[in-house]
Amino acid sequence: MRLSLCSLYPMLFCVLLGTLTGNCFNADTFVDLILGIRKFYVGSDAASVIFVHPGDIYEDYGDLRINHLIHTSSRLLSRHYIMTVDVHFKSLWKTLKYYHEIIQPITIVILPDFEAYLEFVDAVKVYSMSFPVWFILFLYTPDNNIHDHCHKPIGNPFNLAFDTQMLVLCNNEIILREWYSIKGDTVKIFDLAEWKDNEGFEFISVINENLMATVFTKVFEELTSHLNFTVNIVSQKLEYGIRNRQTLIWSGVMGEIVYGRADFAIADVALTSFRICFVDFTLPLVVSKINLYFKEPGICGVKWIGYFQTFSSRTWVTIIMLITTAPLLLFFMKTCRDQSRSTVDLISENFICIWGIFCQQALIEFPKSSSLRVAYFTILLAAVLIMAHYSAALICFLSACIHVLPFQTLDEFVNDGTYKLIVIRDSADYDIVTHEENPFYIKLMKLMKDESELPKTLIEGFMQVCNEKNVVFMATSAQKKSLEKKLPCKLSSITTERINNLAIILSKDNPYTGVINYYLQKFLNNGMIMQEISTNNYFRLINDVHRYYRTSCVIFVQSDNYDLKTTTLVHTLSRELSQQRVMIMTITFSNLMSKYNNYQKNIRLPLFVVLLDTEETICEFAKTTKGIKPISFPIWLVVFLQHLGNPLKDYCTHPANNIFNVDVSTQMLILCYNRPILVEWYAIRDNYTKTFDLATWSPDRGLTLRTQENLYARRSDMFGDVVRVTVVNNSPLVTLKNGTMDGFFGLLLIELSKAMNFTIKILDPVDSFGSWDPQNGWSGAIGKLVNNEADIGIAAFTVTNDRLNDVDFSIPLIRTQYRLYLHEPITPYVQWFWYFKVFSPGVCVKLIMIIIIASILLTVIKAKGFSMSIISDNYIKVWGIYCQQGLPEFPIKSSMRLAFFSIYVSSVIILSSYFASLISYLALNTAKLPFSTLEGYVEDGTYKLLVLQNSAEYDIPLYTKDPLLLKMYELREDKEYLPFNLFEGFKKICERMDLAFYTTEVFKNYLSIYIQCELVYINTGRIDNNAITLKKGSPYTGFINYHLRRFQLNGVVNKLKNKNPSTISMKSVGNFTVDITDVTPILTIVIGSTVLSLFILIIEKVYYSFKTPNFKNDESITKFTYNLNVRNKLRKEYEKD
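Here the sequence shown stands for residues -26 to -1, 1 to 1111, where the numbers follow mature numbering (1 follows the signal peptide of the UniProt record, and there is no 0).
Structure below.
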């Protein structure tokens, strides 16, 4: 059930009253409420629900009414496949284990009394309040001696943040409030909805159903706080407002401002040149593109030419020639037997018959001549096989579904004319479309719906797009994003190339426009009025820094010769921070040097607070920092304490050289006495400290950043510093040409040097990536990095755990698969038995037996005995049925009909199976290897393994315990025969048939154009991550990773990859065309059968010619003998007389 939030509020009110009074309790309504809030705030069907409530004094059960409500609700929610958890306040911290592991849950907190409130406050002191969506139910009214914490919370009792999503409903209240905090010290309360009789809750905002209105309201609330003015809501309007061209009267929100009924409008009003003549606008708070949104098409596009792309042009020509030649051959064979028919009629009849056979049609009558039967049988077989090929290729072309948009641009939308345009009624877009005299907007106006059918709100507009056919909605991308969770359908969009600026509007020439813009600009820049800091506020400062960096603990570091004043300050600060549940530790400079490595292994991001007051302490700290590496491990807060004359002022304001031994990745904040500015210290190299004013701090406003850039963005400039680069000779994806790097990794390093402003110094290339030798250590490029002879290694280095112990890697730039590449086995180019391999020999024998037995059974049924001529006719008919041909005449007898029906059914099933098997066989037919998996390769044992010398693959036994890889490694060739580079490796594969090269898909594709033989591969199931290498603990690792991530997001990495694409790819299963060589067996059968038919025709002709003269001679002899006998008889009678 889909419920809006407004419709859920009466349910909520009823549930609360029911819990208190027992009059209106309904668990089903409470569950509907939870489902609605869950859908509204989280928008995911996977979000779970957590019930949080107090337990009783025995820590087993809480309030019986609350437990009954929770258990009943959990049972009902389980019917919606929603996971529920029941948690007491004291166990709430355990739910943090789900942080970053599950979708944002809904946490419902039930507070039946003031003791429960205090218990919950204590439970969330160290809880991440931005993790779930909170729904707090106050089920009690405070007594006279208890403060009303629901309406007027003191400070920030629930530890809220700005992005906390918390709904609060007080007992017997009609206002649903949203709680959040700007700075963390006080709670901001926003009245989200109001109860009205018979109407339920309504949003308290000017423009309903627009989530951006809530954002504008919060900004306006901050303005009221800073400018100290009171807000009086005078009206609520659904329309933004336009000016009627006849009456010249403004409507909606614009009318309220123009005619002086209101001073401000809290809404996302679009800034236009026409409106600005009547009202004032603040600075734009939202800048967004205007798009046309329409429902995503549900059909797939098929190009018409796709039906002809299944065969190559040579195959089509061959088929046409076959269809053209076959009628002529049939004409020659028929005219040899019968010369009475017309040549044109006979050829046209043959052509129709042949074309019908290739279109899967039957002959009217199957010929009785043996030669013609053989010819037609051959043509039927060729037609079946060609149709199977065509079906297989066509399936490949039509299987991919591509959504085809009806238009791609605004001009195409206008020219299409089948979609109706809608805009929000009385909005700026409506005003522009309806009143612009531009010819294009006149055309656009013709496509717009009538004014009465236009939506009043954003949600109405998007619902029209989803529910109606061929509707396009003009709205900004920001507006669409604000309602994305509510949309019931998927939308496509095209841009209009227009930009909309949304801002707050004021009355014309409003005296407060300038001051409001001033504060809005400050809000955008996060700047505030600062006050100086005093020593009494160190606790707040340290706590703010601790929260900002989210450090795990605070460690105070002081001099070994600490005085009473510093010791008292440390103890005071420790006590205050411990009361805030912050872990505290105090050490001296000497202890820091001895325990630093231990801290690095066991503590996650600590905050080291260093207290300096004299020149002796600063020298002591400088000496300490020389002995700890890396100094960038913790967050440093160095505080220069007040001292007589402030002797260290020059040190903290103008640092000389690099006194604290910082590097480019060090995060060290310096507080110079009572200055309100926190200065960041870092160094590019060891000899000079750079400073950056990171933030200001004041007791009332806390920590305020002066920049929104992160650490890596604000320290990207290396000021031309030299970086030593080692390159692997003949390495894939990086090459050296005249001292300049090329290839993917080379070009990527050049882009990094431009972004980070460093100078590249290319060292002499090395021959290998590097491998580990127990006696000599690391070799190759990795050895250069380990020995501090290079700063960066450029090549496609494989990331392994063994290498990570000694060098650093950038983020993975290439993710590829490991494969075993082998020389393609030598196989005949033409596979003569393709068409017979789809069925096993047993199936073929059974099929032949079925045809023979069916012919005999039909003869018995028809003739009640055996007759060879009838058996021959029945055999031809059965064979024709299995070749998808029809009968000349369907039998009349029921027994014969039933028999032929059974034969038809079996033929359809057998042919379907044959087509399916043939398609699969032809589509997946590849060169046959004695194995197809890595396990088979290891069991076969006849192929030797090749890997690159001194590479990650060469060190397989060092970083893996996989028994299969270790067995594969046992098949490795001798080290002397192993290649030093990829060129040599693939060359060896082409020279020998019993070698397998273990490398990645990317490396093979990179060298495809240089490989002189056909290769096949088997997948190993292993993944390789390639990255840039750096020295262990290099301060530039984080910065390089930051810029590489930016390059990935803005397309630079993809662009560099596409500069050197692989021109030859491995054979793979996909769309294919049937070439003439693929149908050579079919053509051979056709030609052979034609020759056989002609040979049989010649035999018949000779036999007929021989038989006719003998018959005439026998007849003459018989006649002559008869005449001679008659003559002799007459002669004897004459002599007798």
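For glycine and all other residues, C-beta sits at the position ideal for the given N, C-alpha and C.
Skipping 5 residues on each side, what residues in its chain have a beta carbon closer than 7 Å to that of Tyr686? One-based indexing of the sequence shown puts residue 686 at position 712. Result list for Tyr686: Gly1012, Phe1013 and Tyr1016, in chain order.
Quick check on the DSSP output: what are the complete beta strand (DSSP E) runs of length 3 or more inside the stretch 714 to 765, in order along the chain? 714 to 716 and 732 to 736
So the alpha helix (DSSP H) Tyr849 belongs to, where does it begin and stop? For the purposes of this step, residue 849 is taken as the residue at position 875 of the sequence shown. It spans Met842 to Tyr856 - the alpha helix (DSSP H) in which Tyr849 sits, taken as one unbroken run.
Where does residue 1125 fall in DSSP's three states? Shown here, the chain extends from -26 to 1111; a query on residue 1125 therefore has no answer.
Gly676 - partner residues in DSSP beta bridges: As a first step, residue 676 is located in the sequence shown; it is residue number 702 there, counting from the start. Gly676 is bridged to Ser672.
Reference Tyr55, options Ala21, Pro86 and Pro739, closest by Cα: As a position in the sequence shown, residue 55 is number 81, starting the count at 1. Answer by Cα proximity: Ala21.
May I ask you to report which of helix, strand or coil DSSP gives Gln791? As a position in the sequence shown, residue 791 is number 817, starting the count at 1. Reduced to three states, the DSSP call for Gln791 is strand.
Tell me, which residues are paired with Ser705 by DSSP? Locating residue 705 in the sequence shown gives position 731, where the first residue counts as 1. Beta-bridge pairing links Ser705 to no other residue.
Please report the residue range of the alpha helix (DSSP H) in which His520 lies. Here residue 520 corresponds to residue number 546 of the sequence shown, with the count starting at 1. That run of the alpha helix (DSSP H) goes Tyr512 to Tyr523.
Answer with buried or exposed for Ile479, where buried requires no fewer than 16 other C-beta atoms within 10 angstroms of its C-beta. Within the sequence shown, residue 479 is the residue found at index 505, counting from 1. Buried: at least 16 other Cβ atoms inside 10 Å.
Pair within 8 Å by beta-carbon distance, Leu143 and Leu166: The sequence position of residue 143 within the sequence shown is 169, counting from 1. The sequence position of residue 166 within the sequence shown is 192, counting from 1. Taking 8 Å as the Cβ cut-off, Leu143 and Leu166 do not qualify as a contacting pair.
Spatial neighbours of Ile406 within its chain, please: C-beta separation below 8 Å, excluding the five flanking residues on both sides. Start at 1 with the first residue of the sequence shown, and residue 406 comes out as number 432. Contacts found: Thr246 and Tyr415.
Please state the DSSP three-state secondary structure of Lys482. Taking the first residue of the sequence shown as position 1, residue 482 is located at position 508. In the structure shown, Lys482 sits in coil (DSSP, three-state: anything other than H, G, I, E or B).
According to DSSP, is Asp34 helix, strand or coil? In the sequence shown, residue 34 corresponds to position 60, counting from 1. Any reading at Asp34 must be qualified, since the residue scores a pLDDT of 48, below 50, and its modelled position is unreliable; no value is offered.
Need the endpoints of the beta strand (DSSP E) that Thr309 sits in, please. Taking the sequence shown and counting its residues from 1, one reaches residue 309 at position 335. It is not in any beta strand (DSSP E) - Thr309 instead sits in the alpha helix (DSSP H) that spans Ser287 to Arg311.
Please tell me whether Ser784 and Ala926 are closer than 8 Å, where the distance is taken between their beta carbons. Against the sequence shown, residue 784 aligns to sequence position 810. Against the sequence shown, residue 926 aligns to sequence position 952. Contact: no.
Coil, strand or helix - Glu471 by DSSP: Taking the first residue of the sequence shown as position 1, residue 471 is located at position 497. Reduced to three states, the DSSP call for Glu471 is strand.
Are there 16 or more other CB atoms within 10 angstroms of the CB of Thr1095, so buried, or fewer, so exposed? Along the sequence shown, one-based indexing puts residue 1095 at 1121. Exposed is the call here.
Judging by CA-CA distance, which residue of Tyr573, Phe136 and Thr115 is the nearest neighbour of Glu147? Within the sequence shown, numbered from 1, the residue matching residue 147 stands at position 173. Comparing Cα positions, the closest option is Thr115.
Around the Cβ of Glu654, are there at least 16 other Cβ atoms within 10 angstroms (buried) or fewer (exposed)? As a first step, residue 654 must be located in the sequence shown, where it is residue number 680. Buried is the call here.
What are the boundary residues of the alpha helix (DSSP H) that Cys626 is part of? Taking the first residue of the sequence shown as 1, we reach residue 626 at position 652. Segment Lys623 to Thr627, the alpha helix (DSSP H) holding Cys626.
Beta-carbon contacts of Ile331 that lie in its chain and below 7 Å, excluding the five residues immediately before and after: Your numbering for residue 331 matches position 357 in the sequence shown. Same-chain partners within the cutoff: Ile353, Leu354 and Ala357.
Residue range of the unbroken alpha helix (DSSP H) whose run includes Thr408: Residue numbering aside, residue 408 sits at position 434 when the sequence shown is read from its first letter. That run of the alpha helix (DSSP H) goes Ala402 to His409.
Taking C-alpha atoms, which residue in Leu346, Ala349 and Gln334 lies nearest to Ile360? As a first step, residue 360 is located in the sequence shown; it is residue number 386 there, counting from the start. Taking only the C-alpha atoms, the option nearest Ile360 is Gln334.
Can Thr469 and Asn731 be called in contact, C-beta distance under 8 Å? Stepping through the sequence shown from its first residue, residue 469 is reached at position 495. Stepping through the sequence shown from its first residue, residue 731 is reached at position 757. No, Cβ-Cβ distance for Thr469 and Asn731 is not below 8 Å.
Boundaries of the beta strand (DSSP E) in which Asp60 is found, first to last residue: Along the sequence shown, one-based indexing puts residue 60 at 86. Element bounds for Asp60: Thr58 to His62.
With distances taken Cα to Cα, identify the nearest neighbour of Glu594 among Lys569, Ser564, Asn620 and Gln616. Here residue 594 refers to the residue found at position 620 when the sequence shown is read from its first residue. Closest by alpha carbon: Ser564.
CB-CB length for Phe268 against Pro301, believed under 8 Å: Within the sequence shown, residue 268 is the residue found at index 294, counting from 1. Within the sequence shown, residue 301 is the residue found at index 327, counting from 1. That belief does not hold up - the Cβ atoms of Phe268 and Pro301 are roughly 53 Å apart, past 8 Å.
Within the same chain, show all residues whose beta-carbon is closer than 6 Å to that of Gly720, passing over the 5 residues directly before and after it, in chain order. As a working note, residue 720 is residue 746 in the sequence shown. Counting only Cβ-Cβ distances below 6 Å, and skipping sequence neighbours, we find Val708.
With a 10 Å radius around its C-beta and 16 neighbouring C-beta atoms as the bar for buried, classify Leu832 as buried or exposed. On the sequence shown, position 858 is the one that residue 832 refers to. Per the 10 Å Cβ criterion, buried.
Asn412 versus Ser209 - alpha carbon distance: Stepping through the sequence shown from its first residue, residue 412 is reached at position 438. Stepping through the sequence shown from its first residue, residue 209 is reached at position 235. Taking the straight line from one Cα to the other gives about 36 Å.
Give the list of continuous beta strand (DSSP E) stretches no shorter than 3 residues that lie fully inside the stretch 322 to 406. 394 to 396
Residue from Asp537, Leu432, Asp254 and Asp403 with nearest C-alpha to Leu418: Taking the sequence shown and counting its residues from 1, one reaches residue 418 at position 444. When only C-alpha atoms are compared, the closest one is Asp403.
Taking the CB atoms as reference points, tell me whether Ile516 and Val583 lie closer together than 8 Å. Here residue 516 refers to the residue found at position 542 of the sequence shown. Here residue 583 refers to the residue found at position 609 of the sequence shown. Against a cut-off of 8 Å, the Cβ pair of Val583 and Ile516 comes out as a contact.
Can you list, in chain order, the residues of its chain with a C-beta nearer than 6 Å to that of Arg977? Leave out the 5 residues immediately preceding and following it. Mapped onto the sequence shown, residue 977 falls at position 1003. Strictly speaking, residue 977 in this sequence is Phe, with Arg absent from that position. Pro706 and Leu956.
Enumerate in chain order the residues of its own chain whose CB-to-CB distance from residue 1128 is below 7 Å, with the five nearest sequence positions on each side excluded. Residue numbering for the chain in the displayed model covers -26 to 1111; residue 1128 lies beyond these limits and cannot be assessed.
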